[in-house]
Structures are given as structure tokens and as C-alpha cells.
Amino acid sequence: MSSDVVVGSRVAVVGGGVVGLSVAWLAAASGLAVVVVDPSPARGGASWVAGGMLAPVTEAWPGEEAVLGLGLDSLARWPDFAARLRADSGVDPGLDLAGTLVVAADGADAEVLRVLADYLAGLGREVRALTGRELRRLEPGIGPSVRSGLEVPGDLAVDNRALLTALLAACERRGVRFDRRSAAEVGPGRVSTTDGSTVDCDAVVVSAGAWSGSLHPALADAIRPVKGEILRLRARRGALPPPTRTVRALVESRPVYLVPRPGGLVLGATQYEAGFDGDVTVGGVRDLLRDAERVLPGVAEYALDEVVAGFRAGSPDNLPLVGEVEPGVLVAAGHHRNGLLLAPVTAEAVLAALRGDAPPESARVADPARLSAVAR
Ligand code: GLY
1 MSSDVVVGSR VAVVGGGVVG LSVAWLAAAS GLAVVVVDPS PARGGASWVA GGMLAPVTEA
61 WPGEEAVLGL GLDSLARWPD FAARLRADSG VDPGLDLAGT LVVAADGADA EVLRVLADYL
121 AGLGREVRAL TGRELRRLEP GIGPSVRSGL EVPGDLAVDN RALLTALLAA CERRGVRFDR
181 RSAAEVGPGR VSTTDGSTVD CDAVVVSAGA WSGSLHPALA DAIRPVKGEI LRLRARRGAL
241 PPPTRTVRAL VESRPVYLVP RPGGLVLGAT QYEAGFDGDV TVGGVRDLLR DAERVLPGVA
301 EYALDEVVAG FRAGSPDNLP LVGEVEPGVL VAAGHHRNGL LLAPVTAEAV LAALRGDAPP
361 ESARVADPAR LSAVAR
């Protein structure tokens with residue numbers, strides 16, 4: 001990965017989600033002049049909707065070792081990233097170190113967890129198999145029909161909305177400028193906006209999540225929207241408190257996760273290949289609520305505060321695209337289910353590219369140049 005861009009250059013970051021804001025913050029902190037082009041930075045995209053899991057291990061699956069390796073590298077960067085962000089912004093980004101439980105509702109679900117546990121043990125990852133009783137000792141709210149599970153202490157979580165608030169504040173403190181127009185397309189040295197104007201710059205970073213594919217021809221077939229529905233629940237007075245850890249579950253083969261927040265939890269998520277259909281469906285909400293209640297029966301007493309759909313940015317091989325697509329145009333998108341997790345390593349890789357430095361070794365798997373091979 002090489003670049004002619006040098007410190008002091010002007011960088012336009014298209015997209016103000018967690019990836020774009022992380023890039024903008026680190027680039028501005030390193031002395032670059034940065035503008036973020038987004039009509040509503042920190043709002044509206046997948047980062048705002050997300051559950052906030054930082055979970056390379058419990059998202060892992062045989063055959064996706066490159067995704068796991070990149071995720072583990074980024075997870076290792078999270079504590080420093082969060083501490084630096086807190087110091088720079090004055091806002092606590094809500095990193096939660098409590099860990100994750102994965103639980104199985106029926107016998108077939110338990111079998112899937114056994115496959116995952118064997119796979120992870122083979123990779124030397126720390127996982128502990130637990131009976132239903134042991135699970136309930138750790139999290140008393142887990143329901144009586146949950147059969148077994150795994151404890152994965154290394155998989156963490158972050159409060160996505162607190163994180164976005166912190167990133168916005170850090171960007172502002174570092175002098176990032178915000179241009180609230182919508183980008184229509186990008187090319188070397190320019191961002192064209194939908195109102196017919198142009199933002200001039202020396203380097204463009206496309207970090208518009210699921211919308212990135214429409215901004216540059218090289219990305220058109222590489223990034224697609226993958227819809228997810230998510231619910232936010234609030235613990236009402238007298239209800240059981242939320243779990244202390246993230247609880248992921250398989251319920252009759254359907255995945256569901258419950259990520260604690262102060263006074264409630266985030267419950268997600270469905271996954272559909274449905275283009276940019278932003279409707280929240282009755283069936284999706286029904287499945288999430290029914291499955292969550294089987295895992296944590298106490299959620300029936302919670303208030304349902306929010307139902308929302310978002311679009312993950314899918315890529316052909318579930319790895320993100322991070323690097324140069326042509327001289328002066330970089331991409332940082334396609335993070336699929338792992339945008340929050342991968343923000344630190346992505347921002348470091350983009351910063352390295354902007355400065356003409358070598359990217360982190362782990363990020364080489366995300367080089368967009370691989371996609372010509374994928375397309376062949
Ligand atoms: N990372 C969880 C999800 O995409 O639903």
C-alpha cells in the first residue's frame with residue numbers, strides 16, 4: 001500500500017459512522033486537515049443502530065480464520081483506543097470488559113455450540129463449557145430451559161452511542177470540519193456532492209458503510225447492504241436487572257444477542273439480504289422478542305423503547321476493504337458484522353496509508369486489491 005499523501009494534506013472522509021469518525025480523529029490528531037462529508041455524522045448508519053459487541057471469538061466460524069485474525073488484532077487495540085479516546089474527548093466511550101456467554105436453547109443448538117467450542121479450542125482460544133446450572137449461577141436471569149453454554153471472557157462490548165458521542169467530541173477537539181452535504185461520487189482529489197458542488201482534497205477515504213458501493217465504480221460490486229433489525233429494551237422498576245455480560249444465544253437455530261446497557265439492553269439482530277429495505281418487520285421483532293424471552297424470561301417486564309433497522313456493509317468474503325482503490329482514493333468499508341470491533345485497526349491502517357507508512361500486518365488481508373481475484 002503506498003501513497004503520495006503527506007502530513008499537512010487535506011483529507012476528505014466520506015461517512016461519519018464509527019469507522020469514518022475513527023479515521024478522521026486519528027488523521028486530525030496526526031496533523032492532517034480533515035473534513036467529514038456526511039449529512040448526519042454519528043447518526044442514522046449501522047454504527048448508531050448496532051448492539052456494540054466486540055466479539056471476534058463468538059462471531060468466529062470455521063473457514064473464516066482471516067476474519068478472526070483481524071478481529072483479534074483489533075480487539076487487542078480496543079483498551080488503548082478507548083483510553084485515548086476518553087482522554088481526547090472527555091467522554092467515556094463505554095467499553096465493557098465483562099465478557100460474553102454463548103448459550104444454547106435446545107439439543108441441536110447445543111450441538112452447534114460444541115462445534116464452535118471444538119473449533120475455538122483447536123485455535124487455542126479460551127472458552128469454558130458450562131451447564132445450564134453453571135450459566136444460571138453466573139447470570140441468574142437465564143431461563144430454566146437453557147441447556148448449556150460457553151463462557152468467552154475475551155469478547156467485549158462497547159456502548160455504540162456513547163462511542164459515537166466520544167468520537168464526535170474528539171474530532172471537534174482535533175479540528176475536524178464537518179460538511180453536512182451528501183456525497184454522490186468520489187474521485188482522486190474530489191468528493192462530488194448531490195447538490196452539484198465539489199469538496200477538493202488530496203485524498204478521499206470512502207467510509208460510508210453500506211452506501212460505499214455507489215460512490216466509486218471499483219466498489220460497486222464489492223459492498224452490499226445486509227439488513228439487521230434491533231430492539232432497545234429498558235428495565236422498568238421491579239423488573240430483573242439486565243445481565244452483567246453479553247449473552248448470545250442460539251434458539252432453535254436462530255441467533256439472538258442481548259447486550260447490557262445501563263438500565264437495559266440491546267437485543268439483536270435479524271439478518272436479511274433485502275437491499276435497502278429499511279422496514280422493521282413484524283416477524284423480525286416477534287422472533288427477537290420470543291427468543292430473548294426464552295433466554296432471559298425477565299425481559300417480558302421490560303419496556304420496548306426502540307425498534308430500528310440498519311444496514312451492515314457486506315463484502316464478498318466477509319472481510320472489510322481497507323486501502324487504496326486508486327491513487328488518492330482509499331476505502332475503509334465492508335466491515336459487515338464487525339464495524340465497531342474493527343474500527344481501531346481500520347483507522348490505524350488508513351492513517352498508515354495516508355502517511356505512506358506500512359499498514360498493521362493484520363490489515364493486509366483487507367487490501368481491496370484482493371477483490372479483482374474474488375471477481376475472477
Ligand atoms: N455484530 C452483530 C451484528 O451485526 O448483528
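In case it helps, UniProt numbering puts the sequence shown at residues 1 to 376. Cβ atoms here follow ideal geometry from the backbone N, Cα and C, with glycine treated the same way. Note that the structure is predicted; figures quoted are calculated from it, not measured.
Specify, as a first and last residue, the run of the alpha helix (DSSP H) that residue 148 falls within. Mapped onto the sequence shown, residue 148 falls at position 148. Per DSSP, residue 148 belongs to no alpha helix (DSSP H); it is in the beta strand (DSSP E), 148-152.
Leaving out five residues on either side along the sequence, give the residues of the same chain with a beta carbon under 7 angstroms from the beta carbon of residue 62. The residue given as residue 62 occupies position 62 in the sequence shown. So the list reads 119, once near-sequence residues are dropped.
Which of helix, strand or coil does DSSP assign to residue 302? Along the sequence shown, one-based indexing puts residue 302 at 302. Coil at residue 302, not helix or strand.
Does the beta-carbon of residue 229 have 16 or more other beta-carbons within 10 angstroms, so that it is buried, or is it exposed? Reading the sequence shown from its first residue, position 229 is the one you call residue 229. Label assigned to residue 229: buried.
According to DSSP, simplified to helix, strand and coil, what is residue 81? Locating residue 81 in the sequence shown gives position 81, where the first residue counts as 1. Of the three classes helix, strand and coil, the one that applies to residue 81 here is helix, per DSSP.
Could you check what DSSP says for residue 266 in three-state terms: helix, strand or coil? To locate residue 266, count along the sequence shown from 1; it is residue 266. Here residue 266 sits in strand by DSSP.
Alpha carbon of residue 205 to alpha carbon of residue 217, nearest angstrom: Locating residue 205 in the sequence shown gives position 205, counting from the first residue. Locating residue 217 in the sequence shown gives position 217, counting from the first residue. About 14 angstroms.
Considering only heavy atoms of the ligand GLY, list every residue whose Cβ is less than 6 angstroms from one of them, following chain order. In chain order, the hits are 51, 53, 228, 268, 269, 312 and 337.
Residue nearest to residue 334 in terms of C-alpha spacing, selected from 321, 300 and 158: One-based indexing of the sequence shown puts residue 334 at position 334. Among 321, 300 and 158, the Cα nearest to that of residue 334 is on 321.
Could you give the first and the last residue of the continuous alpha helix (DSSP H) run that contains residue 136? Position 136 of the sequence shown, counted from the first residue, corresponds to residue 136. Residues 132-138.
For residue 101, report the span of its beta strand (DSSP E) as first-last. The residue given as residue 101 occupies position 101 in the sequence shown. First-last of the beta strand (DSSP E) with residue 101: 100-104.
Residues bridged to residue 257 [DSSP beta-bridge criterion]: Locating residue 257 in the sequence shown gives position 257, where the first residue counts as 1. Per DSSP, 248 and 268.
If I measure Cβ to Cβ from residue 304 and keep anything under 7 angstroms in the same chain, skipping five residues before and after, which residues do I get? Working through the sequence shown from its first residue, we reach residue 304 at position 304. Correct list, in chain order: 231 and 233.
Which of helix, strand or coil does DSSP assign to residue 310? Indexing the sequence shown from 1 puts residue 310 at position 310. Reduced to three states, the DSSP call for residue 310 is strand.
How many angstroms separate the CA atom of residue 8 from the CA atom of residue 200? Counted from its first residue, the sequence shown places residue 8 at position 8. Counted from its first residue, the sequence shown places residue 200 at position 200. Annotation note: pLDDT 49 at residue 8 (below 50); position unreliable, coordinate value reported separately. So the two alpha carbons sit approximately 14 angstroms from each other.
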